[in-house]
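For the sequence shown, the numbering used here begins at 1 and goes up steadily by one.
The structure appears right after this line, and notes come after that.
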Amino acid sequence: MTETLLRGRLLTFHRDPAGPDDAEAYTYLEDAGLLLRDGRIAASGAFADVALQAPHAPVVDHRPHLMMAGFIDTHIHFPQVQVIASWGAQLLDWLNGYTFPEELRFADPDHCARMAQAFLDQLTVNGTTTAVAFCSVHAASAEALFAEATRRDMRMLGGKVMMDRNAPDGLRDTPQQGYDDSAALIARWHGRGRNGYVITPRFAITSTPDQLEMAGALAAAHPGCHIQTHLSENLAEIAYTAELYPEARDYLDIYERFGLLGPRTLLGHAIHLRPREIDALAATGAHPVFCPTSNLFLGSGLFDEGGLRARGITSGIATDVGAGTSYSMLQTLNEGYKVLQLQGQPLHPLRAFHWATRGNAEVLGLADRIGTLDPGTEADITVLNVRATEAMALRAERASTLAEELFILQMMGDDRAIAEVYVAGTPRKAAARGAARIRHPEPA
Ligand code: GUN
Ligand code: ZN
Numbered sequence: 001m002t003e004t005l006l007r008g009r010l011l012t013f014h015r016d017p018a019g020p021d022d023a024e025a026y027t028y029l030e031d032a033g034l035l036l037r038d039g040r041i042a043a044s045g046a047f048a049d050v051a052l053q054a055p056h057a058p059v060v061d062h063r064p065h066l067m068m069a070g071f072i073d074t075h076i077h078f079p080q081v082q083v084i085a086s087w088g089a090q091l092l093d094w095l096n097g098y099t100f101p102e103e104l105r106f107a108d109p110d111h112c113a114r115m116a117q118a119f120l121d122q123l124t125v126n127g128t129t130t131a132v133a134f135c136s137v138h139a140a141s142a143e144a145l146f147a148e149a150t151r152r153d154m155r156m157l158g159g160k161v162m163m164d165r166n167a168p169d170g171l172r173d174t175p176q177q178g179y180d181d182s183a184a185l186i187a188r189w190h191g192r193g194r195n196g197y198v199i200t201p202r203f204a205i206t207s208t209p210d211q212l213e214m215a216g217a218l219a220a221a222h223p224g225c226h227i228q229t230h231l232s233e234n235l236a237e238i239a240y241t242a243e244l245y246p247e248a249r250d251y252l253d254i255y256e257r258f259g260l261l262g263p264r265t266l267l268g269h270a271i272h273l274r275p276r277e278i279d280a281l282a283a284t285g286a287h288p289v290f291c292p293t294s295n296l297f298l299g300s301g302l303f304d305e306g307g308l309r310a311r312g313i314t315s316g317i318a319t320d321v322g323a324g325t326s327y328s329m330l331q332t333l334n335e336g337y338k339v340l341q342l343q344g345q346p347l348h349p350l351r352a353f354h355w356a357t358r359g360n361a362e363v364l365g366l367a368d369r370i371g372t373l374d375p376g377t378e379a380d381i382t383v384l385n386v387r388a389t390e391a392m393a394l395r396a397e398r399a400s401t402l403a404e405e406l407f408i409l410q411m412m413g414d415d416r417a418i419a420e421v422y423v424a425g426t427p428r429k430a431a432a433r434g435a436a437r438i439r440h441p442e443p444a
């Protein structure tokens, strides 16, 4: 048995705060103890009380920092580590000009292994402990991601993209091969350790109807797997999709017809929706995923979180690296705040931090395991430092409430504000940062 007792300020959510004054939606403690035992949270509460339960446990004192559940990123592309920050294009040109050529490199398992390490290091230094990842079309890319996540005991969800048209040679599977490779990866990785497989038809443009039918059959055969794809991100994408599927009532109808919609479905972007599509999202329980840095970077449009929430639809929030421009969920919340401001929907910091933790866990149906600091859940923890930079420290001198502190983190924070990250109870930040420095030493 290994035990560690963390001491610090603590914030954990019980539900989405209805507003700034909804104090019952969360627990905030000034001097908390968090007892970690064998990768799980064994106890949490006032430090003096928790310390009595484990008098011999080594104490790690994080005061004055703030302990929170590890961040969850519900949409990110593992093979786009070296695509991030590619200039000038909107979605379809960006895919053809930058992204597909880069994803071709993942035919090489050595490249997959190196990028998997780099990818998980970037998540870790940014305080993200679980991600839902698109891999490349190559089974080896998913293999590398799950193998590396297993080595680190990270809770990781992901899947190889299924794509059998409108992509270059070397980046297409066939309906049968996409099915077989995905089924083999499910057999090997789904439910093994902390891994979960996500059935991943990339989007309607890169899948024939035959392939989407196979994806639907795979989902029916494996109801415990999540499903992820893209929906209504960009107007040119929507027009081309309508040409490819003339019989569909709208974009979402394509996925609906092939049995791909349900509470385990994650739909990246979902910006330009018609009323019928919103009805179908509400009826099926599928989850849109808001990717603010990506939507601004590619000029895709403004995600209407408030409108969807009013219809009972719960959305995830995610980085979408490499169209997204930062691995940081803090920066994602920052840009998300601005996208929602443009629509008169100011994102309160308590809602923002709920969203990046328990909210995303709920979207994944995993809130009983991750996303909170509740006893019995997995010990994935992010420790936040609101004075990480001088600019933040200056601003923090004038902050007197928790909400103000959170908003400084949301607007000004990035990887520097992550003081420590625990993955299944093990501190990981220094190792991840060290590995990144070895890969890329700073110039003398
Ligand atoms: N639509 C289909 N593939 C992608 C992708 O890789 N990134 C984004 N942002 N949208 C997509
Ligand atoms: Zn995406």
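For glycine and all other residues, C-beta sits at the position ideal for the given N, C-alpha and C.
Since this is a predicted model, take the numbers as computed values, not measurements.
Coil, strand or helix - residue i by DSSP
i	result
threonine 284	helix
glycine 216	helix
glycine 306	helix
glutamine 331	helix
glutamate 445	The chain is shown only over 1 to 444; residue 445 falls outside these bounds and no answer can be derived.
glutamate 148	helix
tyrosine 240	helix
tyrosine 245	coil
aspartate 49	helix
arginine 63	strand
glutamine 82	coil
leucine 91	helix
lysine 161	A quick correction: the sequence has valine, not lysine, at residue 161. Note: valine 161 maps to strand in three-state DSSP.
methionine 154	coil
valine 476	No answer is possible for residue 476: it lies beyond the span of the chain, which begins at 1 and ends at 444.
histidine 384	Per the sequence shown, residue 384 should be read as leucine rather than histidine. Leucine 384: strand per DSSP, three-state reduction.
threonine 426	strand
leucine 267	strand
glycine 301	coil
threonine 377	coil
threonine 357	helix
leucine 104	helix
threonine 206	helix
serine 44	strand
Limits of the alpha helix (DSSP H) - the one that residue i falls within
i	result
phenylalanine 297	292-297
proline 201	Note, proline 201: premise wrong, no alpha helix (DSSP H); beta strand (DSSP E) at 195-201.
histidine 111	109-125
serine 182	175-189
tyrosine 251	251-257
histidine 354	349-354
glutamate 390	390-396
glycine 434	429-439
valine 321	No alpha helix (DSSP H) holds valine 321; DSSP gives it neither H nor E.
Minimum C-alpha distance to residue i - residue among the options
i	options	result
alanine 57	Met1, Asn96 and Gln80	Met1
phenylalanine 116	Leu244, Leu104 and His77	One detail in the question is off: residue 116 reads as alanine in this sequence, not phenylalanine. The residue with the shortest Cα to Cα distance from alanine 116 is His77.
histidine 62	Leu104, Phe71, Phe47 and Arg9	Arg9
isoleucine 313	Met163, Thr284 and Glu30	Thr284
isoleucine 199	Ala393, Val161 and Trp94	Val161
arginine 194	Ile370, Val137 and Asp110	Ile370
threonine 4	Ala424, Arg439, Ala430 and Ile438	Ala424
proline 168	Met156, Ala149, Leu104 and His190	Leu104
leucine 406	Leu366, Ala356, Ala431 and Ala367	Ala356
glycine 445	Phe353, Pro441 and Ala367	The structure shown does not extend to residue 445, since the chain spans only 1 to 444, so no value can be given for it.
methionine 392	Met411, Ser400 and Ala435	Met411
threonine 129	His440, Tyr197, Tyr422 and Asp21	Tyr422
asparagine 360	Leu6, Asp16 and Arg7	Asp16
Rounded Cβ spacing between residue i and residue j (contact assumed at less than 8 Å)
i	j	result
alanine 170	valine 132	First, the residue type needs correcting, since residue 170 is glycine and not alanine in the sequence shown. Between valine 132 and glycine 170 the Cβ distance is about 25 Å, and since that is not below 8 Å, they are no contact.
leucine 252	glutamate 277	4 Å
arginine 152	arginine 428	7 Å
First through last residue of the beta strand (DSSP E) which encompasses residue i
i	result
proline 223	Premise fails: proline 223 is in no beta strand (DSSP E) and is neither H nor E.
glutamate 3	3-13
isoleucine 408	It is not in any beta strand (DSSP E) - isoleucine 408 instead sits in the alpha helix (DSSP H) that spans 402-412.
isoleucine 72	71-77
threonine 99	Segment: none, threonine 99 is in no beta strand (DSSP E) and carries neither H nor E.
threonine 130	128-134
Q: Collect the residues with a C-beta less than 5 Å away from any heavy atom of the ligand ZN and give them in sequence order along the chain.
A: Cβ atoms closer than 5 Å to the ligand ZN belong to Gly268 and Asp320.
Q | Heavy atoms of the ligand GUN versus C-beta positions, residues under 6 Å | A | One residue list follows from the rule of a beta carbon closer than 6 Å to any heavy atom of the ligand GUN, given in chain order as His77, Leu91, Leu95, Thr99, Arg202, Phe203, His230, Glu233, Ser294, Asp320 and Ala323.
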